[in-house]
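Trainee: Line by line, the protein sequences are chains B and X.
Going by my numbering, the residue at position 124 of the first sequence is 142; the numbering climbs one at a time, nothing skipped.
Going by my numbering, the residue at position 25 of the second sequence is 43; the numbering climbs one at a time, nothing skipped.
Protein chains: 2
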Amino acid sequence: MSIDIGKYLEEKRQLVDRYLETHLPPVGTSPAVLHEAIRYSLLAGGKRIRPILTIAAAEAIGPPPLSLPPVACAFEFIHTYSLIHDDLPAMDNDDFRRGKPTNHKVYGDGMAILAGDGLQTMAFEWCSRADLVIDIDPRTQVQIIAELALGSGNDGMVGGQVLDIQAENQQEISLEELQNIHAHKTGKLIRAAVRVGALLSGAGMTQFEQLTKYAEDIGLAFQIADDVLNVTGTREELGKDANTDAERGKQTYPSFYGLEGAKKLAQECADRAIGRLASFDDKADPLRGIAQYIVSRRK
Amino acid sequence: MSIDIGKYLEEKRQLVDRYLETHLPPVGTSPAVLHEAIRYSLLAGGKRIRPILTIAAAEAIGPPPLSLPPVACAFEFIHTYSLIHDDLPAMDNDDFRRGKPTNHKVYGDGMAILAGDGLQTMAFEWCSRADLVIDIDPRTQVQIIAELALGSGNDGMVGGQVLDIQAENQQEISLEELQNIHAHKTGKLIRAAVRVGALLSGAGMTQFEQLTKYAEDIGLAFQIADDVLNVTGTREELGKDANTDAERGKQTYPSFYGLEGAKKLAQECADRAIGRLASFDDKADPLRGIAQYIVSRRK
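Below is the structure:
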């Protein structure tokens with residue numbers, strides 16, 4: 019594998035950011051405060067991992083359609099809306115995110131709820147608008163929208179957040195419960211991002227299944243690495259308070275496996291993910307690189 | 019016009035309710051509390067005006083496809099999610115809705131936010147799931163999803179709610195501002211519900227435009243009638259506190275036109291809506307009846 023994954027991620031992050039900046043409603047569009055609140059969180063310097071996964075999965079199969087960027091951005095909209103809502107006082111009550119005050123700290127709880135609601139709608143809007151999605155077979159387009167909905171809804175991200183809230187009210191949860199929470203809260207949307215990339219490039223059944231398994235493995239790796247970073251990262255690196263899980267008495271992968279054990283497990287997941295791509299050529303190198311990046315990142 | 023609109027509305031309401039009850043995830047589906055919170059608000063005895071508009075618009079054109087019910091229900095999901103979020107303490111802070119304690123009063127603010135989020139996702143899920151939408155041309159299906167997104171998003175319902183919140187913080191708003199708020203907050207989703215019905219039955223361009231104008235007229239009639247009911251209705255009729263607008267110092271159609279003037283204006287809007295359907299045959303009688311019902315209803 020010869021790819022410089024740092025360079026790849028930076029290039030694609032810039033591509034996503036440029037697409038967002040040129041296609042979001044112009045500053046001042048009514049209601050101005052709503053669009054401002056949306057931009058505040060959306061353009062706060064996210065890593066764009068989910069849209070990049072969609073792009074990398076599409077490119078692993080073959081030349082992607084022109085409509086790749088709006089569909090990839092939809093995953094960032096869903097992710098960002100979930101962060102805005104999760105940070106609310108009624109949920110995790112976080113004051114900082116990506117090094118900045120959280121959305122509701124700046125715009126108030128009501129506007130933050132609405133900015134999140136509007137971002138969710140935008141995800142489906144950008145996947146269905148005739149001026150943005152121009153060269154995808156409509157049958158595939160409907161499948162993409164269904165994947166997005168299933169990954170982000172009650173049996174996906176929203177359901178996972180509910181399970182997470184419930185777990186915080188319990189004394190102890192089992193490792194199986196922890197895995198179930200994360201498989202839904204973060205896993206299903208990552209899985210959908212990869213599968214949608216595969217659909218965009220017309221993946222065959224076998225490739226689609228291999229990419230799905232890849233996505234499940236990196237989803238788990240991602241979450242374990244996140245838990246590890248919460249212990250080892252600094253406030254500067256994370257852009258939010260560090261070591262919050264332990265302070266809240268939250269059970270995490272390090273609390274089950276120890277810090278070193280959790281690191282080892284994350285690496286095993288990344289290796290397994292890479293193994294899923296054995297039959298793919300070097301067009302899948304970005305996906306291989308992302309798997310490794312996920313467990314070695316510092317933020 | 020020979021139709022018994024009360025009977026028609028009751029039949030279609032039952033159809034929508036039966037479809038919901040048989041197609042929602044079974045009670046106990048994980049996370050159980052999320053699905054319970056969703057059912058609590060969704061099955062609280064709503065009038066189902068939006069899905070019925072989709073059905074009536076489809077039937078006004080011709081035999082609708084088998085996929086009409088899931089798509090019609092999507093509008094009820096969007097409407098219900100907006101009620102749950104609007105009732106939150108961070109927004110209108112209402113304790114009662116449809117005669118029952120509001121969602122967050124029963125399940126807590128965090129769960130109410132998530133139930134609303136999940137309901138929004140379900141709207142797009144039900145319009146895209148291959149097992150529910152079985153006989154619509156995928157190109158039309160994508161158009162339907164785009165209509166749903168545009169009617170409910172930042173330039174539709176969500177944007178209207180933002181304008182409404184902003185207006186509450188002002189001393190005075192103009193009649194134009196009031197109309198702009200409602201055109202977005204309630205008008206755009208009603209418009210989308212009717213247009214989607216027309217798309218479902220393959221309306222021609224002229225019919226589509228006439229139905230769009232019909233929808234805009236009844237959307238306005240609906241809002242004026244709502245403001246009138248807030249003054250004249252009782253708590254028992256409304257299922258929520260009455261005369262709250264005046265108590266909150268909120269500007270409404272009666273505060274601009276007086277009570278009788280507002281009633282007259284609502285009737286004019288309904289008449290104009292019915293006039294839009296001049297070239298339609300008696301298959302459009304339910305739409306005509308709904309226009310009249312909207313301004314004569316007691317709740």
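All C-beta atoms in this analysis are idealised placements derived from N, C-alpha and C, irrespective of residue type, glycine included.
Predicted model only: the values in this text are computed from it and were never measured.
Check the C-beta distance from V89/B over to E165/B and give it rounded, since I have them as a contact under 8 Å.
Mentor: Position 71 of the first sequence holds residue 89/B. Position 147 of the first sequence holds residue 165/B. At roughly 10 Å, the Cβ-Cβ gap does not stay under 8 Å, so V89/B and E165/B are not in contact.
Trainee: Report yes if the C-beta distance between S59/B and L33/B is below 9 Å; otherwise report no.
Mentor: Here residue 59/B refers to the residue found at position 41 when the first sequence is read from its first residue. Here residue 33/B refers to the residue found at position 15 when the first sequence is read from its first residue. No.
Trainee: Using the beta-carbon count (16 or more within 10 Å), is Q189/B buried or exposed?
Mentor: Sequence index remark: in the first sequence, residue 189/B carries index 171 (1-based). Classification for Q189/B: exposed.
Trainee: Leaving out five residues on either side along the sequence, give the residues of the same chain with a beta carbon under 7 Å from the beta carbon of I21/B.
Mentor: Counting from one through the first sequence, the residue named residue 21/B turns up at place 3. These residues qualify, in order along the chain: D303, P304 and G307.
Trainee: Leaving aside the five residues before and after Y37/X along the sequence, list all residues of the same chain whose C-beta is less than 7 Å from its C-beta, in chain order.
Mentor: Indexing the second sequence from 1 puts residue 37/X at position 19. Within the same chain, Y37/X has close Cβ partners P87 and C91.
Trainee: Whole angstroms is fine: what's the gap from S219/B's alpha carbon to P49/B's?
Mentor: Taking the first sequence and counting its residues from 1, the one referred to as residue 219/B is at position 201. Taking the first sequence and counting its residues from 1, the one referred to as residue 49/B is at position 31. So the alpha carbons of these two residues sit roughly 36 Å apart.
Trainee: Given a threshold of 16 other Cβ atoms within 10 Å of its Cβ, counted over all protein chains shown, does A148/B qualify as buried or as exposed?
Mentor: Counted from its first residue, the first sequence places residue 148/B at position 130. It counts as exposed.
Trainee: Can you give me the start and stop residues for the alpha helix (DSSP H) that G257/X sits inside?
Mentor: For the purposes of this step, residue 257/X is taken as the residue at position 239 of the second sequence. Segment: none, G257/X is in no alpha helix (DSSP H) and carries neither H nor E.
Trainee: What runs of the alpha helix (DSSP H), each 4 residues or longer, lie entirely inside the region 193 to 243 of chain X?
Mentor: Those alpha helix (DSSP H) runs which fall completely within the region 193 to 243 of chain X and span 4+ residues are 193 to 200 and 206 to 218.
Trainee: Name the chain X residues whose beta carbon is nearer than 7 Å to that of S170/B?
Mentor: Within the first sequence, the letter at position 152 stands for residue 170/B. Chain X residues near S170/B: T139.
Trainee: Are there 16 or more other CB atoms within 10 angstroms of the CB of S85/X, so buried, or fewer, so exposed?
Mentor: Here residue 85/X refers to the residue found at position 67 when the second sequence is read from its first residue. The residue is buried, with at least 16 neighbouring Cβ atoms inside 10 Å.
Trainee: Do G171/X and E143/B have their C-beta atoms closer together than 9 Å?
Mentor: Here residue 171/X corresponds to residue number 153 of the second sequence, with the count starting at 1. Here residue 143/B corresponds to residue number 125 of the first sequence, with the count starting at 1. Result yes, Cβ atoms of G171/X and E143/B sit closer than 9 Å.
Trainee: Counting C-beta neighbours from all protein chains within 10 Å, is the total for L27/X 16 or more, i.e. buried, or is it exposed?
Mentor: Here residue 27/X refers to the residue found at position 9 when the second sequence is read from its first residue. Buried, by the Cβ-count rule.
Trainee: Strictly below 7 Å CB to CB, what residues from chain X border Q188/B?
Mentor: Taking the first sequence and counting its residues from 1, one reaches residue 188/B at position 170. Those within 7 Å of Q188/B in chain X number zero; the least Cβ separation is about 13 Å.
Trainee: Where do the N-terminal and C-terminal ends of the alpha helix (DSSP H) with N121/X fall, by residue?
Mentor: Here the question's residue 121/X lines up with position 103 in the second sequence. First-last of the alpha helix (DSSP H) with N121/X: N121 to Y125.
Trainee: Give the range of the alpha helix (DSSP H) segment to which K281/B is assigned.
Mentor: On the first sequence, residue 281/B is found 263 positions in, with the first residue counted as 1. Counting along the chain, the alpha helix (DSSP H) containing K281/B begins and ends at Y271 to G293.
Trainee: Can you tell me whether K206/B is buried or exposed? The criterion is at least 16 other CB atoms within 10 Å of its CB, across all chains shown.
Mentor: Counted from its first residue, the first sequence places residue 206/B at position 188. Classification of K206/B: buried, given that the 10 Å Cβ count is 16 or more.
Trainee: Name the chain X residues whose beta carbon is nearer than 8 Å to that of P49/B?
Mentor: Counting from 1 along the first sequence, the entry for residue 49/B is found at position 31. By Cβ distance, chain X contributes N172, G177, V180, L181 and Q184.
Trainee: Output the distance between the C-alpha atoms of G128/X and P107/X, rounded to the nearest integer angstrom.
Mentor: Along the second sequence, read from residue 1 onward, the residue named residue 128/X stands at position 110. Along the second sequence, read from residue 1 onward, the residue named residue 107/X stands at position 89. The straight-line gap from Cα to Cα measures roughly 11 Å.
Trainee: Would you mind reading off the limits of the alpha helix (DSSP H) that contains T40/X?
Mentor: Numbered from its first residue, the second sequence carries residue 40/X at position 22. Run containing T40/X: I23 to H41, per the alpha helix (DSSP H) assignment.
Trainee: List the residues of chain X whose Cβ lies closer than 7 Å to the Cβ of I163/B, in chain order.
Mentor: Along the first sequence, one-based indexing puts residue 163/B at 145. Ordered by position in chain X, the residues that pass the 7 Å Cβ test against I163/B are F142, S146 and I163.
Trainee: Excluding five sequence neighbours on each side, which residues of the same chain lie with their C-beta closer than 6 Å to the C-beta of Q197/B?
Mentor: Start at 1 with the first residue of the first sequence, and residue 197/B comes out as number 179. Correct list: empty, nothing qualifies.
Trainee: Using a 10 Å radius around the Cβ and a threshold of 16 neighbouring Cβ atoms, would you call M223/X buried or exposed?
Mentor: Against the second sequence, residue 223/X aligns to sequence position 205. The residue in question, M223/X, is exposed, as its Cβ has fewer than 16 Cβ neighbours within 10 Å.
Trainee: Among T230/B, P69/B and G64/B, which residue has its Cα nearest to the Cα of G257/B?
Mentor: Position 239 of the first sequence, counting from 1, holds the residue named residue 257/B. Residue G64/B is the option with its Cα nearest to G257/B.
Trainee: Mind checking who R12/B pairs with in its DSSP beta bridge?
Mentor: Since the first and last residues shown for chain B are 19 and 317, residue 12/B lies out of range.
Trainee: Starting from the beta carbon of I131/X, find every residue of chain B whose beta carbon is closer than 9 Å, and list them in chain order.
Mentor: Taking the first residue of the second sequence as position 1, residue 131/X is located at position 113. Within chain B, the residues near I131/X are H103, L106, A108, M109, I131 and G134.
Trainee: Could you confirm whether any beta carbon from chain B is found closer than 9 Å to the beta carbon of Y99/X?
Mentor: Start at 1 with the first residue of the second sequence, and residue 99/X comes out as number 81. Output row for Y99/X: interface = yes.
Trainee: At the 9 Å Cβ level, is L84/X part of the contact set with chain B, yes or no?
Mentor: Reading the second sequence from its first residue, position 66 is the one you call residue 84/X. No, because no Cβ of chain B sits closer than 9 Å to the Cβ of L84/X.
Trainee: Within 10 Å of its beta-carbon, does K317/X have 16 or more other beta-carbons around it, so buried, or fewer, so exposed?
Mentor: In the second sequence, residue 317/X corresponds to position 299, counting from 1. It counts as exposed.
Trainee: To the nearest angstrom, report how far apart I56/B and Q179/X are at their CA atoms.
Mentor: The sequence position of residue 56/B within the first sequence is 38, counting from 1. The sequence position of residue 179/X within the second sequence is 161, counting from 1. Their backbone Cα atoms lie some 15 Å apart in a straight line.
Trainee: Sorted by chain position, which residues of the same chain lie with C-beta nearer than 6 Å to F114/B's C-beta, five sequence neighbours on each side aside?
Mentor: One-based indexing of the first sequence puts residue 114/B at position 96. Cβ within range, chain order: K258.
Trainee: Along chain B, in chain order, which residues have C-beta atoms closer than 8 Å to that of R290/X?
Mentor: By 1-based counting over the second sequence, the position of residue 290/X is 272. Ordered by position in chain B, no residue passes the 8 Å Cβ test against R290/X, which lies about 26 Å from the chain.
Trainee: Going along chain X in order, which residues have a C-beta closer than 8 Å to the C-beta of L52/B?
Mentor: Looking up residue 52/B in the first sequence gives position 34. Neighbours of L52/B on chain X, chain order: N172, V176, G177 and V180.
Trainee: With a threshold of 8 Å on Cβ separation, who are the neighbours of A301/X within its own chain once the five nearest residues in sequence on each side are excluded?
Mentor: Numbered from 1 along the second sequence, position 283 holds the residue referred to as residue 301/X. In the sequence on display, residue 301/X carries Lys and not Ala. Hits under 8 Å: E77, A78, I79 and G80.
Trainee: So, for A239/B: in the same chain, excluding its five sequence neighbours on each side, which residues have a beta-carbon less than 6 Å away from its beta-carbon?
Mentor: As a working mapping, residue 239/B is identified with position 221 in the first sequence. Closer than 6 Å at Cβ, skipping near neighbours: A284, C287, A288, I312 and V313.
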